[in-house]
Structures are given as structure tokens and as C-alpha cells.
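Numbers 808 to 1139, taken from our numbering, label the letters of the sequence shown in order.
Read the structure below first, then the notes.
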Amino acid sequence: MNILITGATGFIASHTIVELQQDNHNIIGIDNLSNSSIDIVDKIAQITGKKMEFHKVDIRDYDNLKSVLSGKKIDCCIHFAGLKAVGESVAKPVEYYDNNIGGTITLLKVLNEIGCHNIIFSSSATVYGTPAFVPITEECPKRICTNPYGWTKSMIEQILLDMQNANKDWNVVLLRYFNPIGAHQSGIIGEKPNGIPNNLMPYITQVACGKREKLFVYGNDYDTPDGTGVRDYIHVVDLARGHVKALNAINNNCGGEIFNLGTGHGYSVLDVVKTFERVNNIKIPYEIAPRRPGDIATCYADPSKAEKILGWRAEYSLEDMCRDSWNYQQKN
Ligand code: WQD
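Quick look at the structure:
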């Protein structure tokens, strides 16, 4: 299939392109390079031996997007492009709504004009807010998001489902990621956040390589086994393979579908720290700090729907995630 990838040089998109190219799909990648480097295009090619067609495009730029895509046969769009820093979204809400929602609406207009009515959207478990129950199924109600980033994911989901409901030509698949970590086993691509990492694993790897003095554990008084936050960490390669499988739902004319992409296992912050130390034989100094505003205690998936309908299940362990994250950090 001819697949349009937005946000193509980002963390999850780049790993997804590797899996798609290895599954013999043809990739047209676009990215505005605001939060990633064009070097990723060649790094992906270094892994797969195939260089994707890439264009520097901002999805809010209708004219540029239309001129790049006109005349192309796009079978499906996998839409990753978006700003994703939770804390930054609180400080710059209008920029997040403009970029994430405004950009998506422009993208949908162009896709419709070129006759592409298939989209897979990079959503997030954050749409569940403080989940009504765990493990979380797709029937779990969406709740109040604790930040504008989360609201953009939740609102874009609604826009896509309403669009599909109004026009049955569209197939829409919403993939709700839990906590993607790890890196491609080659160590050529991985997670490289700008500035101080917001997320746990890149912060741990920067402590491990001496770039940061110690990890601050945001609260140990949650109602969890060891008091620290529990999350469903999923290897980014498992997540990428979930997107390849999601194409099956598109090809089966699924209409509108939602899938949780998680492992079904919850691990605490200290579980991750201890596993990272054991697997990589490195000490990670940490200090208990106050809770981070907006954090929830526990979040992990019931991934059985994706297994049943997509034939997908996460295969890598927390040990694999810790090993691959550290391998990438050492090489970059
Ligand atoms: C995980 C746990 C923290 C950093 C967010 C978004 C989600 C997705 C992933 C984009 C929590 C604790 C963290 C640190 C810590 N975003 N922590 N010290 O908040 O579950 O999810 O990122 O794709 O949509 O909501 O991920 O990695 O920030 O935090 O103690 O320095 O680690 O309190 O319990 P989170 P996270």
C-alpha cells in the first residue's frame, strides 16, 4: 500500500516506517521538522535499505500540503504529527490547539480532495483521564483530560469519528497508546527529546550516561504497591507493529474502530528503575520529589480487543525496553 505518514521523523513514526517498509509498503513521509531532525530519513534507510519519499511540510499549510499530495495515490494516512509535551501544552494551549487540531482539519480536507478516505490516528490513553476502571478497555469512558495536549487527542478522536459517521466512505482507526519506551534494536533510531526530558525513560537514560545527576521520582504516596505511579510501558517496536496490523482493519472497511495498544501489565516508577539497573548493571540515583500536577496513580491496558481483531499482541518485556533504551542512549 501507499502510506502517507505525518510526523514521519518523530519517535513512533520512524519506528513504524521501519516496520511498514519491511512489510513492503511504500512510504511518503511529511514533517515540519519542528521537533525532529531530517537525519532520521537516512537513519531509517540505513535500517531498511529503502529511502522514503520525504517532504518538509507543515500540515497547517494547505497550499504546500495540497501541492505535495496532488496526483498521488494514497491508500491510507497514518497521522502522527502533533505537539506532545504535556507541560508545554499547559503553558501554550492555543499553539497546541492550532497545531494539533487545526493541522488535522487541514490534513483531512486535503486527504478528502485527493480521494484518500482511510486514516489511522496516533491517540493516547490520556483520553481516559483518571480511568473509571483498570485494566482499561476501549469501553472505558473518556474523561476530563488534565492538560491541553490530552484534550487535543480527545477532540481529534471526536472529529474523526463524527467525520466517519457522516461519510461512510471513511475508515478511521484510533490507536490509544499507553507509555511507549525503548528503541529499535540497532540503536540507530530512538527517543531523543529536546531539552529536559518530560518522560521517565529518557530521563533515566540521561542519568545513566551522566547527563543528569539523579532522577526525581514524582511522588511515592499514590495508592499503588510501592507508592509510585504505575503505567503500562510498551516497547516502541511493538507499538509500531500494531500500526502495521491496524492496516488490516482499514482493508476490512472497519468504519470507525478504537484499539488500546498496551501490554496489559502495569509497572511502577521504581519497578522501571530497578529493572533498568539490573539489566544494564548501572546505578540510577534518585530522590523522592513532590507529585507532578496532572499525574494519575495507575493506568494500564486490557489489550484483548487488538489481539482478537488485529491479531496483535505486545511481545517485548520491560527488560527488553530497558536494554534497548540504554543501547540507543549509548550510541547517540
Ligand atoms: C510516567 C511515570 C511520572 C518523569 C505522558 C502522556 C502520554 C504520553 C506519554 C506522549 C509517572 C513518573 C516521570 C520523571 C517520574 N505522551 N516520572 N520522574 O505522564 O504517564 O504519560 O507521556 O506520547 O500521553 O500523558 O508518562 O513518562 O511522563 O511518566 O517520576 O522525571 O513516571 O510521575 O508516574 P505519563 P511519563
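Ideal placement from N, C-alpha and C gives every residue a C-beta, glycine not left out.
Can we count Arg1099 as close to the ligand WQD, meaning its CB is less than 7 Å from some heavy atom?
For this step, residue 1099 is matched to residue 292 along the sequence shown. At a threshold of 7 Å, Arg1099 counts as near the ligand WQD, since its beta carbon sits closer than that to one of the ligand's heavy atoms.
Are there any heavy atoms of the ligand WQD lying less than 7 Å away from the beta-carbon of Val1044, as far as the coordinates show?
Position 237 of the sequence shown, counted from the start, is the residue given in the question as residue 1044. Checking the Cβ of Val1044 against the ligand WQD gives no.
For Tyr1010, which three-state DSSP category applies?
Sequence index remark: in the sequence shown, residue 1010 carries index 203 (1-based). Of the three classes helix, strand and coil, the one that applies to Tyr1010 here is helix, per DSSP.
If we ignore side chains and look at the alpha-carbon of each, how far apart do Thr933 and Cys952 end up?
Start at 1 with the first residue of the sequence shown, and residue 933 comes out as number 126. Start at 1 with the first residue of the sequence shown, and residue 952 comes out as number 145. Their Cα atoms are separated by approximately 7 Å.
Leaving out five residues before and five after Gly936 in sequence, what residues of the same chain have Cβ atoms less than 8 Å from its Cβ?
On the sequence shown, residue 936 is found 129 positions in, with the first residue counted as 1. Excluding positions up to five away in sequence, the list reads Lys949, Arg950, Ile951, Cys952, Thr953, Gly957 and Ile1103.
Sequence-distant residues of its chain with Cβ nearer than 6 Å to His862 (five each side left out)
By one-based count along the sequence shown, residue 862 stands at place 55. Excluding residues within five positions, the ones whose Cβ falls inside 6 Å are Ile837 and Val875.
In three-state terms, what does DSSP make of Ile988?
Along the sequence shown, one-based indexing puts residue 988 at 181. Of the three classes helix, strand and coil, the one that applies to Ile988 here is strand, per DSSP.
Just to check, is the beta-carbon of Asn1001 closer than 7 Å to a non-hydrogen atom of the ligand WQD?
Your numbering for residue 1001 matches position 194 in the sequence shown. In terms of side-chain proximity, the C-beta atom of Asn1001 is found no nearer than 7 Å to any non-hydrogen atom of the ligand WQD.
Contacting residues, own chain, Cβ-Cβ under 7 Å from Tyr1135 (five flanking each side not counted):
Within the sequence shown, numbered from 1, the residue matching residue 1135 stands at position 328. Only residues of its own chain outside the window of five on either side were considered, and among them Ala990, Gly994 and Gly997 have a CB closer than 7 Å to the CB of Tyr1135, listed in chain order.
The alpha helix (DSSP H) spanning Gly1002 covers which residue range?
The residue you call residue 1002 lines up with position 195 of the sequence shown. Boundaries for Gly1002: no alpha helix (DSSP H) harbours it, and the DSSP string shows neither H nor E there.
Among Asn1027, Ile1116 and Val1043, which residue has its Cα nearest to the Cα of Ser1075?
Taking the first residue of the sequence shown as position 1, residue 1075 is located at position 268. It is Asn1027 whose Cα lies nearest to the Cα of Ser1075.
Hey, quick one: how far does the beta strand (DSSP E) through Gly1071 stretch, first residue to last?
Here residue 1071 refers to the residue found at position 264 of the sequence shown. Gly1071 -> no beta strand (DSSP E), and no H or E assigned at all.
Any non-hydrogen atom of the ligand WQD within 7 Å of Phe1023 CB:
Within the sequence shown, the letter at position 216 stands for residue 1023. Phe1023: yes, Cβ under 7 Å from the ligand WQD.
Is the closest heavy atom of the ligand WQD to the C-beta of Tyr1107 under 7 Å?
Residue mapping note: residue 1107 aligns to position 300 of the sequence shown, counting from 1. No, the Cβ of Tyr1107 stays beyond 7 Å of every heavy atom of the ligand WQD.
Tell me the rounded alpha-carbon separation between Ile1041 and Leu1125.
Within the sequence shown, numbered from 1, the residue matching residue 1041 stands at position 234. Within the sequence shown, numbered from 1, the residue matching residue 1125 stands at position 318. Answer to the nearest angstrom: the Cα atoms are 8 Å apart.
Distance, Ser821 Cα to Pro1000 Cα
Translated into positions along the sequence shown, residue 1000 becomes position 193. Translated into positions along the sequence shown, residue 821 becomes position 14. Answer to the nearest angstrom: the Cα atoms are 14 Å apart.
Out of Asn919, Ser961 and Phe985, state which residue places its alpha-carbon closest to the alpha-carbon of Lys880.
Mapped onto the sequence shown, residue 880 falls at position 73. Measuring from the Cα of Lys880, the nearest candidate turns out to be Asn919.
Less than 8 Å separating the beta-carbons of Thr816 and Val848?
In the sequence shown, residue 816 corresponds to position 9, counting from 1. In the sequence shown, residue 848 corresponds to position 41, counting from 1. For Thr816 and Val848, yes; Cβs fall inside 8 Å.
Between which two residues does the alpha helix (DSSP H) containing Cys883 stretch?
Locating residue 883 in the sequence shown gives position 76, where the first residue counts as 1. The continuous stretches of alpha helix (DSSP H) do not include Cys883, which lies in the beta strand (DSSP E) extending over residues Cys883 to His886.
Below 8 Å on the Cβ atoms is my contact criterion, and I expect Cys1106 with Asp1045 to pass it. Report the Cβ-Cβ distance as a whole number of Å.
Looking up residue 1106 in the sequence shown gives position 299. Looking up residue 1045 in the sequence shown gives position 238. The pair is not a contact, with the Cβ atoms about 17 Å apart (cut-off 8 Å).
Once you ignore the five residues that flank Trp977 on each side, which residues in its own chain have a CB closer than 7 Å to its CB?
Working through the sequence shown from its first residue, we reach residue 977 at position 170. Excluding sequence neighbours, Trp977 sits near His924, Met970 and Gln971.
Give me the DSSP bridge partner(s) of Gly836.
Locating residue 836 in the sequence shown gives position 29, counting from the first residue. Beta-bridge pairing links Gly836 to Ile812 and Phe861.
As a quick exercise: from Leu915, Ala1121 and Lys858, pick the residue whose alpha carbon is nearest that of Val1051.
Here residue 1051 is taken as the residue at index 244 of the sequence shown, counted from 1. If we check each option's Cα against that of Val1051, Ala1121 comes out closest.
Would you mind sorting Asn974 into buried or exposed? The rule is 16 or more other CB atoms within 10 Å of its CB.
As a working mapping, residue 974 is identified with position 167 in the sequence shown. Answer is exposed; the Cβ neighbour count stays below 16.
Comparing alpha-carbon positions, which option in Ser1132, Asn1059, Leu811 and Asn1067 lies nearest Trp1119?
Within the sequence shown, residue 1119 is the residue found at index 312, counting from 1. Nearest C-alpha to Trp1119: Asn1067.
Which residues mark the beginning and the end of the alpha helix (DSSP H) in which Ile845 is found?
Stepping through the sequence shown from its first residue, residue 845 is reached at position 38. Taken as a continuous stretch (DSSP letters only), Ile845 belongs to no alpha helix (DSSP H), as it is neither H nor E.
Terminal residues of the continuous alpha helix (DSSP H) containing Asn1055?
In the sequence shown, counting from the first residue as 1, residue 1055 sits at position 248. Taken as a continuous stretch (DSSP letters only), the alpha helix (DSSP H) holding Asn1055 covers Val1043 to Asn1058.
C-beta atoms of Ala1047 and Glu860 nearer than 8 Å
On the sequence shown, position 240 is the one that residue 1047 refers to. On the sequence shown, position 53 is the one that residue 860 refers to. Contact flag unset, no.
Measure the alpha-carbon distance for Asn1055 versus Ile854 and round it to whole angstroms.
As a working mapping, residue 1055 is identified with position 248 in the sequence shown. As a working mapping, residue 854 is identified with position 47 in the sequence shown. Whole-angstrom Cα-Cα distance: 24 Å.
For Ser931 versus Tyr1010, is the C-beta distance shorter than 8 Å?
Working through the sequence shown from its first residue, we reach residue 931 at position 124. Working through the sequence shown from its first residue, we reach residue 1010 at position 203. No, Cβ-Cβ distance for Ser931 and Tyr1010 is not below 8 Å.
List the endpoints of the continuous beta strand (DSSP E) containing Leu1117.
The residue labelled residue 1117 in the question sits at position 310 within the sequence shown. Element bounds for Leu1117: n/a, residue is neither H nor E.
Any heavy atom of the ligand WQD inside 7 Å of the beta-carbon of Ser931?
On the sequence shown, position 124 is the one that residue 931 refers to. Yes, the beta carbon of Ser931 sits closer than 7 Å to at least one heavy atom of the ligand WQD.
Are the beta-carbon atoms belonging to Pro1092 and Val1014 less than 8 Å from one another?
The sequence position of residue 1092 within the sequence shown is 285, counting from 1. The sequence position of residue 1014 within the sequence shown is 207, counting from 1. Their beta carbons are under 8 Å apart, which means Pro1092 touches Val1014 by this criterion.
Beta-bridge pairing of Asp973 - partner residues as DSSP gives them
Taking the first residue of the sequence shown as position 1, residue 973 is located at position 166. Sequence check: residue 973 is Ala here, not Asp. Answer is none; Ala973 lacks a bridge partner.
Top-ranked residue by Cα proximity to Arg867, from Gly1036, Ser1132, Gly814 and Cys883:
As a first step, residue 867 must be located in the sequence shown, where it is residue number 60. For Arg867, the nearest C-alpha among the options comes from Gly814.
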